[in-house]
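Some notes on the structure that comes next.
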Amino acid sequence: MTLPTERPINKALTSEKIPQEAFDWYDEYAHGDIDRRTFLSRLGTLSVTGLTLSVVAGALTPNYALAEQVSFNDPDITASYVEYESPNGHGKARGYLVIPKNVNADNKAAAVLVAHENRGLNPYIEDVARRLAKAGFIAFAPDALFPLGGYPGNDDEGRAMQKTLDGNKIEGDFMDAATLLKNHELSTGKVGMVGFCYGGYLTNALAAAMPDTIHAGAPYYGTPAKSNIDKITAPLQLHFAELDKRVNDSWPAYEKALKANNVEYTAYVYPNANHGFHNDSTARYQEKNAELAWERTISFFKKTLSA
Numbered sequence: 003m004t005l006p007t008e009r010p011i012n013k014a015l016t017s018e019k020i021p022q023e024a025f026d027w028y029d030e031y032a033h034g035d036i037d038r039r040t041f042l043s044r045l046g047t048l049s050v051t052g053l054t055l056s057v058v059a060g061a062l063t064p065n066y067a068l069a070e071q072v073s074f075n076d077p078d079i080t081a082s083y084v085e086y087e088s089p090n091g092h093g094k095a096r097g098y099l100v101i102p103k104n105v106n107a108d109n110k111a112a113a114v115l116v117a118h119e120n121r122g123l124n125p126y127i128e129d130v131a132r133r134l135a136k137a138g139f140i141a142f143a144p145d146a147l148f149p150l151g152g153y154p155g156n157d158d159e160g161r162a163m164q165k166t167l168d169g170n171k172i173e174g175d176f177m178d179a180a181t182l183l184k185n186h187e188l189s190t191g192k193v194g195m196v197g198f199c200y201g202g203y204l205t206n207a208l209a210a211a212m213p214d215t216i217h218a219g220a221p222y223y224g225t226p227a228k229s230n231i232d233k234i235t236a237p238l239q240l241h242f243a244e245l246d247k248r249v250n251d252s253w254p255a256y257e258k259a260l261k262a263n264n265v266e267y268t269a270y271v272y273p274n275a276n277h278g279f280h281n282d283s284t285a286r287y288q289e290k291n292a293e294l295a296w297e298r299t300i301s302f303f304k305k306t307l308s309a
């Protein structure tokens, strides 16, 4: 996998150079537990030799110019934005559809639904969809913020917008997206799902709610489904960051429930990794762990979604 040649923030500020407290505070900030003013105020109490507050804050905040691994114009894929009916959600929804160029009516492909974090369909998630298409899957990434005009171009506003939406309707939008993929004319009918943070929760939730549609799930640092865990039939491949206490605290009870219901699963914990380690737009990104997790995910989908 070829990465961009210039990553000035990530190269200058690796996770080892930033105190763990900063990552913990950013996690609180990103999930709405503290506001930006409090986040920056706490960062100001840290002593990071040779680095200013603005540099540290900038390293923790996504810079999506750094995140593109597969170009929108890559010759092996076709990417477009598609609106679809969502009777279980907001009535009408929109997502980013990426199809491998070699997929056609005579050469169909398995599909993967991509679920974003708690801030809408940002460029990192779009790039994840393109990576899946490069690997041979039809990929579809809905934007929960479509009813409000779509992802606004920055995460702060995106988070605020997503908080105003009905979570059940968001889940409905993604459920109808899964149905769209299952019935897509170029799809084999096999549907996997991958999600990050809130999207990890959605992956767990849809595996529980749609056992006849979701055939494999790969949640990244996601909390458990709130109900119907006993209905899960899809194999799961779960990815956790060792330093992500908030999400990891929910895992023991979830694992117990998966075992009790004989769900096939594999769980990986990535050492010295923070929540969001797969997102290559911030200093939370860890290239080695992220690439290993992604290799595992692609192999998992190739195995579980084969015709």
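Count the sequence shown with the numbering used here and you get residues 3 to 309, in order. We put the beta carbon where it would ideally sit given N, CA and C, even for glycine.
Beta-carbon separation (whole angstroms), residue i vs residue j, contact threshold 8 Å
i	j	result
Thr284	Pro21	Not a contact, Cβ separation roughly 15 Å.
Gly194	Leu307	5 Å
Tyr173	Ala207	The sequence shown places Glu at residue 173, rather than the Tyr named in the question. Right, their Cβ atoms sit about 6 Å apart.
Asp129	Gln71	6 Å
Thr80	Lys110	No, Thr80 and Lys110 are not in contact; Cβ-Cβ is about 15 Å, not under 8 Å.
Arg38	Asp158	7 Å
Arg248	Tyr270	In fact, because the Cβ distance is near 18 Å, the residues do not count as touching under 8 Å.
Ala48	Ala24	The amino acid at residue 48 is misidentified as Ala; the sequence shows Leu. Yes, they are in contact, since the Cβ atoms of Leu48 and Ala24 sit about 6 Å apart, within 8 Å.
CB contact flag (residue i, residue j, <7 Å)
i	j	result
Ile127	Ala143	yes
Tyr267	Leu245	no
Asp78	Lys171	no
Gly202	Tyr222	yes
Gln288	Phe279	yes
Tyr256	Pro226	yes
Val58	Leu42	no
Asn120	Gln164	yes
Asp35	Arg96	no
Leu188	Gly197	no
Ala295	Ala243	no
Gly219	Ala209	yes
Asp175	Ser88	yes
Asp29	His277	yes
Val84	Leu62	no
Asn250	Tyr272	no
Gly160	Gly122	yes
Residue interval of the beta strand (DSSP E) (run including residue i)
i	result
Ala111	Ala111 to Ala117
Ile79	Ile79 to Ser88
Val100	Gly93 to Pro102
Ala141	Ile140 to Pro144
Boundaries (first-last residue) of the alpha helix (DSSP H) holding residue i
i	result
Val105	That residue, Val105, is in no alpha helix (DSSP H); it is neither H nor E in DSSP.
Tyr126	Pro125 to Lys136
Residue-chain proximity (residue i, chain D), Cβ-Cβ < 7 Å
i	result
Tyr66	No chain D is present in this structure, which holds just one protein chain.
* Contact the segment 137-157 vs the segment 103-121: 3+ CB pairs below 8 Å -> yes
* Asked: Taking only runs of the beta strand (DSSP E) that begin and end inside the segment 147-204, which ones reach a length of at least 3 residues, in chain order?
  -> 189-198
* To do: Entirely within the segment 209-288 and at least 3 residues each: give me those beta strand (DSSP E) ranges in chain order.
  => 218-222, 238-243 and 267-272
* **Contact between the segment 175-192 and the segment 257-276 (3+ Cβ pairs under 8 Å)** => no
* Asked: Per the contact definition of three or more C-beta pairs closer than 8 Å, is the segment 150-165 in contact with the segment 223-239?
  -> no
* Asked: Which parts of the segment 26-59 are runs of the alpha helix (DSSP H), unbroken and 4 residues or longer, counting only runs that do not cross its ends?
  -> 38-45
* Using 8 Å as the Cβ pair cut-off and three pairs as the minimum, do the segment 56-70 and the segment 91-105 touch? -> no
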